[in-house]
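**Q** Please find one structure pasted underneath; my questions will follow.
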Amino acid sequence: NVKGFVHFVVNADDLGYAVERDKGILEAASNGLVSSASILANGQSANLTLQKWTRMFEHSAPPFGLGLHLNLTEGPPTSDPVEIPSLLIEKEDKGDKHTQGRLCFRGKFGFEKAVGDGKIDMKDVEIELRAQLEWFRKNVGCFPSHVDGHNHAHILPGGVCEIVAKLCALFGIQWVRLPLQEDTSQSSSAFLKRVVQNAKRARKIFQDFGVQTNDFFFGLELMGKNMTEDRLENVFRSVTTVFNGEQKRNKMKENVCESDGVVFTAELMVHPGYPSCSGDDFSKSNDRLHELKCLTSKKILQQVAAMRNVKLCAYGHATMQLSPPRTCNASLNDEGDDQKNSDVSQAAR
15 NVKGFVHFVV NADDLGYAVE RDKGILEAAS NGLVSSASIL ANGQSANLTL QKWTRMFEHS
75 APPFGLGLHL NLTEGPPTSD PVEIPSLLIE KEDKGDKHTQ GRLCFRGKFG FEKAVGDGKI
135 DMKDVEIELR AQLEWFRKNV GCFPSHVDGH NHAHILPGGV CEIVAKLCAL FGIQWVRLPL
195 QEDTSQSSSA FLKRVVQNAK RARKIFQDFG VQTNDFFFGL ELMGKNMTED RLENVFRSVT
255 TVFNGEQKRN KMKENVCESD GVVFTAELMV HPGYPSCSGD DFSKSNDRLH ELKCLTSKKI
315 LQQVAAMRNV KLCAYGHATM QLSPPRTCNA SLNDEGDDQK NSDVSQAAR
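Here it is, written out as structure tokens:
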């Protein structure tokens, strides 16, 4: 008869990647479902969008529902390239001013393969991740509430995951994303299947270092056009039924409770935005705009607001709801529609 609660984190990845992507994330946080974001320290618009995000959540305690999107796969490094040679290759892309002619990371598959082949010096990994964490501390005033990884590189075996766990414990970062989605389809890509397997292995590593992870995760197969209102409704149904059966009993055995009941944490990973001029095909397509429209749907916001025993929050506010954000100037709709959606979004919080 113990009552259950879910802290439901809807986290937008890639804040700071580009101004077009940032515009969509800010909009989804102001007038939509997004309750948290993770920022790229090496993103071309990171410093500018950080100011906008903190203004939106100025009435919330630092770090303002903001996490760090640890990046070892794309773009130029945050640390001195001379100090991390094994992580970098010379970038030859033309037309991208942010990376052209610079030493940059090896890419999603390139980094994964290099780790597997033993070509990455783990000292280089630690130097770069420390630099990204220091960038966050310097600009926000504290370390992030949570971390996750660009292309899920933070849970790679071979030493990367262990370094992430060690740094989280060292700097008091309480939460790290565990992209362990049990219900991935048989048709999932080989990459997503590896992500799930890596997450299963990573769970114990984070536990051993005393770092908390989400109990449930959604979003691996909801990116771009794969996100629909029906599929989001399926996520909501899953979130509201986690109190039942073996899952609840296991949580009670762990003695992770508040005075008013058993508490679960669920994360939905999302990627809203507008098509950008840089990045991969996903960045330049309308897929991120499609996600934005789903996440600001009045129907979806009303459903979340009606969910019982569920708090829409950020990792850093796991025991309290976020203060309503200030309305963002960026807008999909006219002013009247924006105000209606903002009212519903705040009700969901």
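For the sequence shown, our numbering gives the first residue as 15, with consecutive numbering after it. Here a beta-carbon is modelled for each residue, glycine too, at the ideal position from N, C-alpha and C. Treat the numbers as computed from the prediction; the structure is a model and nothing was measured.
Compute the beta-carbon to beta-carbon distance between F250 and M136, rounded to the nearest angstrom, for a pair I have assumed lies under 8 Å.
**A** Residue mapping note: residue 250 aligns to position 236 of the sequence shown, counting from 1. Residue mapping note: residue 136 aligns to position 122 of the sequence shown, counting from 1. Not really, about 40 Å apart at Cβ, beyond 8 Å.
**Q** Take D129 as the anchor and find which of L326, E196, H168 and D229 has the nearest alpha-carbon.
**A** As a position in the sequence shown, residue 129 is number 115, starting the count at 1. Looking at the sequence shown, residue 129 is not Asp but Val. With distances taken between Cα atoms, V129 lies closest to H168.
**Q** Take C291 and list the residues in its own chain whose beta-carbon comes closer than 8 Å to its own, dropping the five residues that flank it on each side.
**A** Looking up residue 291 in the sequence shown gives position 277. A32, E34 and K298, listed in sequence order.
**Q** Would you tell me roughly how many angstroms separate the C-alpha atoms of C308 and V24, rounded to the nearest one?
**A** As a working mapping, residue 308 is identified with position 294 in the sequence shown. As a working mapping, residue 24 is identified with position 10 in the sequence shown. The straight-line gap from Cα to Cα measures roughly 13 Å.
**Q** For F153 and L64, which I take to be in contact (beta-carbon distance under 8 Å), what is that distance rounded to the nearest angstrom?
**A** On the sequence shown, position 139 is the one that residue 153 refers to. On the sequence shown, position 50 is the one that residue 64 refers to. Per the sequence presented here, residue 153 reads as Asn, with Phe not at that position. Right, the Cβ-Cβ distance comes to about 6 Å (below 8 Å), so this counts as a contact.
**Q** Exposed or buried, what is I103 when buried is set at 16 or more other beta-carbons lying within 10 Å of its beta-carbon?
**A** Position 89 of the sequence shown holds residue 103. Exposed is the call here.
**Q** Looking at the secondary structure, which residues open and close the beta strand (DSSP E) in which L8 lies?
**A** Past the edges of the chain, shown from 15 to 363, lies residue 8, and the structure says nothing about it.
**Q** When burial is assigned at 16 or more other CB atoms within 10 Å of the CB, is V20 buried or exposed?
**A** Within the sequence shown, the letter at position 6 stands for residue 20. Counting Cβ neighbours within 10 Å, V20 comes out buried, since at least 16 surround it.
**Q** Determine the extent of the alpha helix (DSSP H) in which K239 is found, giving its start and end residues.
**A** As a working mapping, residue 239 is identified with position 225 in the sequence shown. It is not in any alpha helix (DSSP H) - K239 carries neither H nor E in the DSSP assignment.
**Q** Please classify V318: is it buried, with 16 or more other beta-carbons within 10 angstroms of its beta-carbon, or exposed?
**A** In the sequence shown, residue 318 corresponds to position 304, counting from 1. Under this definition V318 is a buried residue.
**Q** Around the C-beta of P99, are 16 or more other C-beta atoms found within 10 angstroms, so that it is buried, or is it exposed?
**A** Taking the sequence shown and counting its residues from 1, the one referred to as residue 99 is at position 85. Flag for P99 reads exposed.
**Q** Q195 and A55 look like a contact to me (Cβ under 8 Å); what is the Cβ gap, rounded to whole Å?
**A** One-based indexing of the sequence shown puts residue 195 at position 181. One-based indexing of the sequence shown puts residue 55 at position 41. At roughly 26 Å, the Cβ-Cβ gap does not stay under 8 Å, so Q195 and A55 are not in contact.
**Q** So, helix, strand or coil for E97, using DSSP?
**A** In the sequence shown, the residue the question calls residue 97 occupies position 83. Reduced to three states, the DSSP call for E97 is helix.
**Q** Starting from the N-terminal side, write out each stretch of the beta strand (DSSP E) that is 3 residues or longer and does not extend beyond the region 178-239.
**A** 230-232, all fully within the region 178-239.
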